[in-house]
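Novice: At position 210 of the sequence shown (counting the first as 1) the number is 210 in UniProt numbering, and the numbers step up by one without a gap.
Where is the CB? At the ideal position from N, CA and C, for every residue including glycine.
Quick caveat, the model's predicted, so the values are computed rather than measured.
Mind looking over this structure? Questions follow.
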Amino acid sequence: MNVVVLPSSSKAITPDSLSDHTSSIPKLNGSNFSEWKEQLQITLGCLDLDLCFRIDEPFKECANYATWEHSNQLSLMIMKSKIAKNINKSIPDSTRAREFLASVEQQFKASDKPLIGTLMEIFTTKKYNGTSGVREHIMEMDDMAEQLKSMDMTISESFLVQFVLNSLPSQFGPFKISYNTNKEKWTMDELIVMCVQEEERLKREGLLLGHLASQGHKGKGPKEAKPKGKKSPNHGNLKCFFCKEKGHLKKDCPKRKT
1 MNVVVLPSSS KAITPDSLSD HTSSIPKLNG SNFSEWKEQL QITLGCLDLD LCFRIDEPFK
61 ECANYATWEH SNQLSLMIMK SKIAKNINKS IPDSTRAREF LASVEQQFKA SDKPLIGTLM
121 EIFTTKKYNG TSGVREHIME MDDMAEQLKS MDMTISESFL VQFVLNSLPS QFGPFKISYN
181 TNKEKWTMDE LIVMCVQEEE RLKREGLLLG HLASQGHKGK GPKEAKPKGK KSPNHGNLKC
241 FFCKEKGHLK KDCPKRKT
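As structure tokens, this is what we get:
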């Protein structure tokens with residue numbers, strides 16, 4: 001049986017054992033690049049195989065060349081084994097692990113554009129509706145921000161804090177004013193603590209649940225007859241996003257219904 005000896009360890013591991021060590025790296029399938037890269041870096045670091053990513057290739061006469069070459073060859077093997085075959089074929093081959101990873105990253109940066117657009121739309125329009133706790137709401141927004149950061153979108157913590165505050169309902173109005181008039185800026189951890197405390201206070205005083213519940217049930221149940229003589233709302237300025245014409249909404253578009 002072939003044996004792989006790690007240069008920084010006196011222990012030898014077999015191919016089966018190496019497979020166990022790399023089992024946490026998911027197969028790159030086109031939609032999980034960020035997770036794949038993160039797990040790859042963690043695994044190679046734990047196995048002391050990341051030298052080829054940390055330093056340039058040394059001269060063959062150098063004492064650490066053998067260690068670098070060992071790191072380079074095994075890193076290439078591990079990366080290629082963790083990429084779906086159809087994706088592997090589209091990546092330019094390289095004898096250096098660092099260059100190969102850069103080629104993979106370059107390919108997936110381009111394919112990230114549609115996902116960035118989708119995430120940005122969800123992130124910028126997300127509002128807290130009370131279906132989950134405010135803690136979960138903030139953590140969801142933080143998770144989306146982290147995904148955008150992994151795709152080279154710059155989002156500072158102070159910007160994220162302000163964006164989360166803007167997503168809260170009007171019952172948090174005095175709370176938001178208090179923050180905006182305070183010179184001290186909060187971290188995300190501090191924001192979560194303060195928002196949870198404010199939500200609990202609003203619930204105790206009955207200022208939150210009733211309002212959000214009425215919003216959630218808006219439009220449900222039997223329709224009431226409109227009082228005679230009451231004018232319908234003016235839809236003249238509304239624009240349909242289906243036919244691009246004014247005067248109605250997309251849900252009422254006659255062209256869409258046909």
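1) Let's see if you can read the secondary structure: which residues bound the alpha helix (DSSP H) around Ala-63?
2) Touching or not, the segment 52 to 63 and the segment 77 to 84, by the rule of three or more beta carbon pairs under 8 Å?
3) Roughly how many angstroms lie between the CA atoms of Lys-11 and Arg-96, to the nearest whole one?
4) Here's the rule I'm using: 16 or more other beta-carbon atoms within 10 Å means buried, otherwise exposed. How should Ile-177 be labelled?
5) Does DSSP classify Ile-155 as helix, strand or coil?
6) Can you find the residues in the same chain that come closer than 8 Å, C-beta to C-beta, to Ile-91, ignoring five residues on each side of it along the sequence?
7) Let me check you understand the geometry: is the CB of Leu-28 closer than 7 Å to at least one non-hydrogen atom of the ligand NAD?
8) What residue from Met-151, Asn-166, Lys-203 has the CA that sits closest to Ser-158's CA?
9) Pick helix, strand or coil for Ile-192, following the three-state DSSP scheme.
10) Who are the near neighbours of Leu-51 in its chain, counting only those whose CB is closer than 7 Å to its CB and skipping five residues on each side?
11) Quick check on the DSSP output: the alpha helix (DSSP H) that includes Pro-174 runs from which residue to which?
12) Measure the C-alpha to C-alpha separation of Met-151 and Lys-126 and round it to an integer number of angstroms.
13) If you measure between the beta carbons of Phe-163 and Met-144, is that distance less than 8 Å?
Specialist: Straight from the coordinates:
1) As a first step, residue 63 must be located in the sequence shown, where it is residue number 63. Run containing Ala-63: none; DSSP gives neither H nor E here.
2) no
3) As a position in the sequence shown, residue 11 is number 11, starting the count at 1. As a position in the sequence shown, residue 96 is number 96, starting the count at 1. Its pLDDT being 48, under 50, Lys-11 is placed unreliably by the model, and the measurement read from it follows with that caveat. Each residue's Cα considered, the two are about 26 Å apart.
4) In the sequence shown, the residue the question calls residue 177 occupies position 177. It counts as exposed.
5) Residue mapping note: residue 155 aligns to position 155 of the sequence shown, counting from 1. Three-state result, Ile-155: coil.
6) Counting from 1 along the sequence shown, the entry for residue 91 is found at position 91. Ile-83, Phe-100, Ser-103, Val-104, Gln-107.
7) No copy of the ligand NAD appears in this structure; indeed no ligand is present at all.
8) Position 158 of the sequence shown, counting from 1, holds the residue named residue 158. Nearest option by C-alpha distance: Asn-166.
9) Here residue 192 is taken as the residue at index 192 of the sequence shown, counted from 1. Reduced to three states, the DSSP call for Ile-192 is helix.
10) As a position in the sequence shown, residue 51 is number 51, starting the count at 1. By the criterion of a C-beta distance shorter than 7 Å, Leu-51 is surrounded in its chain by Thr-67, Trp-68, Ser-71, once the five residues flanking it on both sides are discounted.
11) Indexing the sequence shown from 1 puts residue 174 at position 174. Run containing Pro-174: 173 to 180, per the alpha helix (DSSP H) assignment.
12) Start at 1 with the first residue of the sequence shown, and residue 151 comes out as number 151. Start at 1 with the first residue of the sequence shown, and residue 126 comes out as number 126. The straight-line gap from Cα to Cα measures roughly 20 Å.
13) Sequence index remark: in the sequence shown, residue 163 carries index 163 (1-based). Sequence index remark: in the sequence shown, residue 144 carries index 144 (1-based). No, the Cβ-Cβ distance between Phe-163 and Met-144 is not below 8 Å.
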